[in-house]
Amino acid sequence: MPALFERFFKSERRRAPRIADDLSVTIHVDGVSDPIEGVARDLSMGGICVATRSTFAHANSMRIVLQPTGQAVSLVAKRLWQQYEPGEKVVLTGFAFETLSEAERKTIAELLSASVQRISEILRSSRLPELGLADVMGIAEVVRFRSFRSGHVIYGCSAQDHSAGSLYIVEEGRVSLHVASEQSRNMAIALTQEGDIIGGIDTSLGASLREVAIAEGDARLFEIGRSGFDYLRRHRAELALELASAAFRATSSRLCAALLEASESRAVGSAAHAPREASSLL
5 MPALFERFFK SERRRAPRIA DDLSVTIHVD GVSDPIEGVA RDLSMGGICV
55 ATRSTFAHAN SMRIVLQPTG QAVSLVAKRL WQQYEPGEKV VLTGFAFETL
105 SEAERKTIAE LLSASVQRIS EILRSSRLPE LGLADVMGIA EVVRFRSFRS
155 GHVIYGCSAQ DHSAGSLYIV EEGRVSLHVA SEQSRNMAIA LTQEGDIIGG
205 IDTSLGASLR EVAIAEGDAR LFEIGRSGFD YLRRHRAELA LELASAAFRA
255 TSSRLCAALL EASESRAVGS AAHAPREASS LL
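Residue numbers (the numbering used here): 5 to 286.
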């Protein structure tokens, strides 16, 4: 299976920022009669990343049909890379567009503007620090949409270790957070709401404890992965620091609240038993 999903990120050079998007897409492969249905994950003037339910063979001629509200747009593209995403059980494929006409560039520009506006509104209502327009644009260039079905682990187990360092912002749905120890003891610590920040960049609860995030019902999130954060750290160091600080504060606040609640519960339990123990001494 891994051999089917060669990835060439190191050789890919993006000439324009990819903006997170979730347009419906159909992929038309030369020699294949039925189009492949998918959903865009990001879009730029240079290319697109598409999520599909299965892999498909490379072909010399491929067309990507974007289906925004209104008239569909058909673009000639070539496949650059393909990989399986275990957390969502989808195949991600990166494409580069061939030469675009002026009309096609205008359409893509309008789609990108609408997506940035949408991302901006979501980020401004999140638990992130107050963001200016430049900050929103900076984040919009490094986030991607993630969709998880009910019960799926977002991060915190070995299958999703590659996502453990990512920072997530809950767009839709709820996510339950748990602390799991090496002895498999599990304690629920929080149930997030839309706009909450979970995960973090190189933050950890320690070698013996790890935070586990599980989708409670279908959930959609923004993800800022390690590569995206590294990009911000090089080009927008102050913004990267703000994001890392926000993630640390959110994680610390949840853990402290859970520990305080557990401590209060033990205290109430001890108080309830005290009269009974005292009466037994009479």
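Cβ atoms here follow ideal geometry from the backbone N, Cα and C, with glycine treated the same way. Given the structure is predicted, the values throughout are model-derived calculations rather than measurements.
Tell me which residues share the same chain as V120 and place their Cβ nearer than 8 Å to its Cβ, disregarding the 5 neighbours each side in the sequence.
I23, V140, M141 and A144
When you compare each of S180, E242 and A138 to L259 by their alpha carbons, which one comes out closest?
S180
DSSP state of T255, grouped into three classes?
helix
Helix, strand or coil: which one does DSSP assign to R237?
helix
Option in A118, Q87 and H32 with minimal Cα separation from A63:
H32
Among residues of its own chain, excluding the 5 on either side of L104, which ones have a beta-carbon nearer than 8 Å to its beta-carbon?
M49, L79 and I112
Given R57 as reference, the closest of S256, P133, D34 and V29 once Cα atoms are compared
V29
Can you tell me where the beta strand (DSSP E) holding G51 begins and where it ends?
G51 to T56
6 Å Cβ shell around S130 - same chain, five flanking residues per side excluded
I173 and G199
Could you tell me the distance, in whole angstroms, from the CA atom of L245 to the CA atom of H239?
12 Å
Anyone know if the C-beta pair for G177 and A219 falls short of 8 Å?
yes
Do you know whose CA, among R128, R148, A107 and S37, lies nearest L47's CA?
R148
Kindly list the residues whose CB is nearer than 7 Å to the CB of L135, restricted to its own chain and excluding five residues on each side of it in sequence; keep chain order.
L127 and R128
Tell me whether Q197 sits in a helix, a strand or coil according to DSSP, three-state version.
coil
Thinking just about the alpha-carbon of each residue, which of A248, V36 and L225 is nearest to the one in F233?
A248
Consult DSSP for G169 and reduce its assignment to one of helix, strand or coil.
coil
Environment of R289 [buried if 16+ CB atoms lie within 10 Å]
Since the first residue of the chain shown is 5 and the last is 286, residue 289 is not available in this structure.
Give the DSSP-derived three-state secondary structure of A244 in the structure shown.
helix
Tell me whether the beta-carbon of A262 lies closer than 8 Å to the beta-carbon of I193.
yes
Same chain, Cβ closer than 6 Å to R230, five either side skipped, listed in chain order
G169
Do you know offhand how far S256's Cα is from L171's?
14 Å
Leaving aside the five residues before and after P39 along the sequence, list all residues of the same chain whose C-beta is less than 6 Å from its C-beta, in chain order.
T30 and H32
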